Amino acid sequence: MHGFGVVEHDPHEPLFHADWERTVLAVQLTALGQRLYNLDELRHSIERMPPDAYLNATYYERWLAAIDRLLIEKGLINAAELERRTAAFRDEPQAFPAPPSAASGETELVHPALDRRRGHPFRREASTPPRFTIGDAVLTKQCQPAGHTRLARYVRGKHGRVHRHQGCFVFPDANAHGRGEEPGHVYNVRFEAAELWGESAAHRDAVYVDLWESYIEPAAAG
11 MHGFGVVEHD
21 PHEPLFHADW
31 ERTVLAVQLT
41 ALGQRLYNLD
51 ELRHSIERMP
61 PDAYLNATYY
71 ERWLAAIDRL
81 LIEKGLINAA
91 ELERRTAAFR
101 DEPQAFPAPP
111 SAASGETELV
121 HPALDRRRGH
131 PFRREASTPP
141 RFTIGDAVLT
151 KQCQPAGHTR
161 LARYVRGKHG
171 RVHRHQGCFV
181 FPDANAHGRG
191 EEPGHVYNVR
201 FEAAELWGES
211 AAHRDAVYVD
221 LWESYIEPAA
231 AG
C-alpha cells in the first residue's frame with residue numbers, strides 16, 4: 011500500500027530491544043508447544059487488531075496483543091483479571107518483581123514448538139494429484155475473504171505462470187478458523203511486475219509467490 015514511506019533498516023538492530031520482548035517470545039513458543047493455538051490463529055489474531063493500534067505497535071507488541079486475545083477467547087485467562095493486573099502493574103511496577111529464571115523443566119515446554127519448526131512441520135501427504143504443472147498459465151481468484159488468508163491482495167485477479175510445485179501443506183485459511191488443516195497443493199507462481207503494477211513497473215522484474223491450489227484457476231487461452 012502507498013503512503014507509508016521508506017522502510018528503515020538498521021543492520022545493527024539488536025535481537026531484542028527490551029527484556030519483556032524475550033518474555034513474549036517465550037510465552038509464544040510455550041503456547042505453540044502446548045498446542046494452545048496454532049500459528050495461523052496467531053496471524054489472524056494480529057490481523058484483528060484495530061488499524062491504528064496495529065500501525066502504532068511494535069513487532070512484539072503485536073504478538074502480545076494477539077496472544078492476549080487468543081488466550082481470552084479460548085478461556086485460558088480472564089479478560090477482567092488481565093485488565094486488573096495490568097492496571098496494578100502500571101500503578102506500582104515495583105510490586106511485581108521479575109520472576110526468577112526458568113527451571114530446566116519449564117524450558118522444556120518450548121521444545122515441541124522448536125522441534126516442529128525444523129524442516130517442514132506444515133507439510134502433509136497429498137490425497138489428490140496436483141491440478142497444475144510447471145509452465146501452466148494461471149489466474150488468481152478475485153476475492154475478499156472475511157477472515158485470514160495467505161492470498162496477498164496485490165496478486166488477486168492477476169495472471170501468472172506456475173514456476174514450481176512446492177508440495178502439499180496445511181491450508182492457513184481453514185486452520186486459522188478452527189476448520190482443521192485441509193491440506194492443499196502449493197505452487198510457486200511467477201508474476202511479471204507489469205502485470206502487478208502496470209506499465210510503470212520495470213519490465214525485466216518479476217515476483218514469485220507461493221499460492222495454494224484453491225487460490226488459482228486455469229487462465230483462459232489467448
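For the sequence shown, position 48 matches number 58 in this note's numbering, and the numbering has no gaps at all. Quick reminder that beta carbons are idealized off the backbone N, C-alpha and C, glycines included. Just so it is clear, the structure is predicted and the values come from calculations on it, not from any experiment.
Asked                                                                                                    : Found
Helix, strand or coil at valine 165 according to DSSP, with G and I counted as helix                     : helix
Closest by C-alpha distance to glutamate 11, when choosing among Gln176, Gly157, Phe201, Tyr164          : The identity of residue 11 in the sequence shown is methionine, whereas the question assumes glutamate. When only C-alpha atoms are compared, the closest one is Tyr164.
Cβ-based burial, tyrosine 197 [other Cβ within 10 Å; buried from 16]                                     : buried
Extent of the continuous beta strand (DSSP E) to which threonine 236 belongs                             : Absent from the structure is residue 236, since the part of the chain shown begins at 11 and ends at 232.
Reduced DSSP category for glutamine 44 - H, G, I as helix; E, B as strand; rest coil                     : coil
Residues that DSSP places opposite arginine 200 in a beta bridge                                         : Arg171, Tyr218
Histidine 12 (DSSP reduced to helix, strand or coil)                                                     : coil
Bridge partners - isoleucine 226, DSSP secondary structure assignment                                    : Thr150
Segment limits, alpha helix (DSSP H) that includes isoleucine 255                                        : This structure does not reach residue 255, given that the chain is present from 11 up to 232, and the question cannot be answered.
Inter-residue Cα distance where the pair is alanine 147 and valine 172                                   : 7 Å
Reference tryptophan 222, options Ala211, Asn185, His213, Cys178, closest by Cα                          : Cys178
One or two residues paired with glycine 177 in a DSSP bridge                                             : Val196
Span of the alpha helix (DSSP H), counted from its first residue to its last, around asparagine 185      : 182-185
Arginine 95 - DSSP class collapsed to helix/strand/coil                                                  : helix
Start and end residues, alpha helix (DSSP H) containing aspartate 62                                     : 61-66
Where arginine 160 sits in the DSSP three-state scheme                                                   : coil
Proximity winner among Leu52, Ala90, Gly85, Lys84, relative to arginine 72 (alpha-carbon distances)      : Leu52
Straight-line gap, leucine 74 to aspartate 20 (C-alpha atoms, nearest Å)                                 : 23 Å
Own chain residues within Cβ distance below 6 Å of isoleucine 82, not counting five before or after      : Ala89
Sequence-distant residues of its chain with Cβ nearer than 6 Å to arginine 174 (five each side left out) : Asn198
Contact under 8 Å by Cβ, arginine 160 with proline 140                                                   : no
Endpoints, the alpha helix (DSSP H) within which aspartate 78 is located                                 : 69-83
Inter-residue Cα distance where the pair is lysine 151 and tyrosine 69                                   : 30 Å
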